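Quick note: the sequence shown uses our numbering, first residue 1328, plus one each step.
All C-beta atoms in this analysis are idealised placements derived from N, C-alpha and C, irrespective of residue type, glycine included.
Quick caveat: nothing in here was measured; it's all calculated off a predicted structure.
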Amino acid sequence: MECCYQDRETHRTSVLKELHPAMKAYHSIEDSETCIEGTRQELLEQVKCWASSDSKLFWLHGFAGSGKSAVANSVAGIFHAQKLLLGCFFCQRDDPECCDPLRLIPTLAYQLSLWHGVYRTKVLSALQARDEMGLAKGLKWQFNQLIMDPLMSLGGPTELPPKPLIIVVDALDECGDSVESRAELIQF
1328 MECCYQDRET
1338 HRTSVLKELH
1348 PAMKAYHSIE
1358 DSETCIEGTR
1368 QELLEQVKCW
1378 ASSDSKLFWL
1388 HGFAGSGKSA
1398 VANSVAGIFH
1408 AQKLLLGCFF
1418 CQRDDPECCD
1428 PLRLIPTLAY
1438 QLSLWHGVYR
1448 TKVLSALQAR
1458 DEMGLAKGLK
1468 WQFNQLIMDP
1478 LMSLGGPTEL
1488 PPKPLIIVVD
1498 ALDECGDSVE
1508 SRAELIQF
């Protein structure tokens, strides 16, 4: 029985890899520059309060070099430790994998799929039903097929993930080669 389970899991994982997630864009506690201990406490508390509020978006902005990425890494680490981090994408202008707007949504869908079994089943169904164009169709198709539709099709309380659902995206200004491509991402 265990062999069949492992075969099924291996198949699911290989199908999910068809999303071509940007593995380097995920938060890594060991490799990430975070806030120096004892600093940014007020801001980190604001983020924690936001997470338990009804507000859906926390937008941290500031000048280049002001420490936004360190804060984003710290926030990802905090919510990861609390098992509330569903996914993250740390954009990097100088890395083709981490600056491609068409990789952001599939990467988040991959991370969400690893975190939530029923959601994973919905994404696997979407991947198996897609046509040849699939992921190259664009951000709107990706968002609807890989994020919105699977989340909306989750049923009762037993299928719903616990709240809050935290996703961290850092350095969005480094994703894409034009203002238009970043503006399209912001719509979602």
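Roughly how many angstroms separate the alpha carbons of residue i and residue j, rounded to a whole number?
i, j, result
"residue 1412", "residue 1380", "16 Å"
"residue 1493", "residue 1373", "14 Å"
"residue 1496", "residue 1465", "19 Å"
"residue 1430", "residue 1504", "13 Å"
"residue 1366", "residue 1442", "30 Å"
"residue 1360", "residue 1396", "8 Å"
"residue 1471", "residue 1435", "13 Å"
"residue 1414", "residue 1455", "22 Å"
"residue 1463", "residue 1384", "27 Å"
Exposed or buried, what is residue i when buried is set at 16 or more other beta-carbons lying within 10 Å of its beta-carbon?
i, result
"residue 1354", "buried"
"residue 1401", "buried"
"residue 1328", "Only weak support exists for where residue 1328 lies, its pLDDT of 47 falling under 50; the value from the coordinates is given anyway. That one is exposed."
"residue 1420", "exposed"
"residue 1382", "exposed"
Using CA atoms only, rank isn't needed, just tell me which of the options is closest to residue i.
i, options, result
"residue 1500", "1435, 1401, 1387, 1437", "1387"
"residue 1476", "1464, 1398, 1392, 1450", "1450"
"residue 1481", "1383, 1444, 1360", "1444"
"residue 1473", "1407, 1433, 1423", "1433"
"residue 1391", "1508, 1507, 1498", "1498"
"residue 1407", "1453, 1511, 1375, 1508", "1375"
Name the DSSP bridge partner or partners of residue i?
i, result
"residue 1412", "1493"
"residue 1417", "1497"
Assuming residue i and residue j make a contact with CB atoms under 8 Å, what is their CB distance in whole Å?
i, j, result
"residue 1342", "residue 1370", "Their Cβ separation, rounded to whole angstroms, is 40 Å, which puts residue 1342 and residue 1370 out of contact at 8 Å."
"residue 1344", "residue 1424", "With a Cβ gap of about 14 Å, residue 1344 and residue 1424 do not count as contacting."
"residue 1346", "residue 1437", "5 Å"
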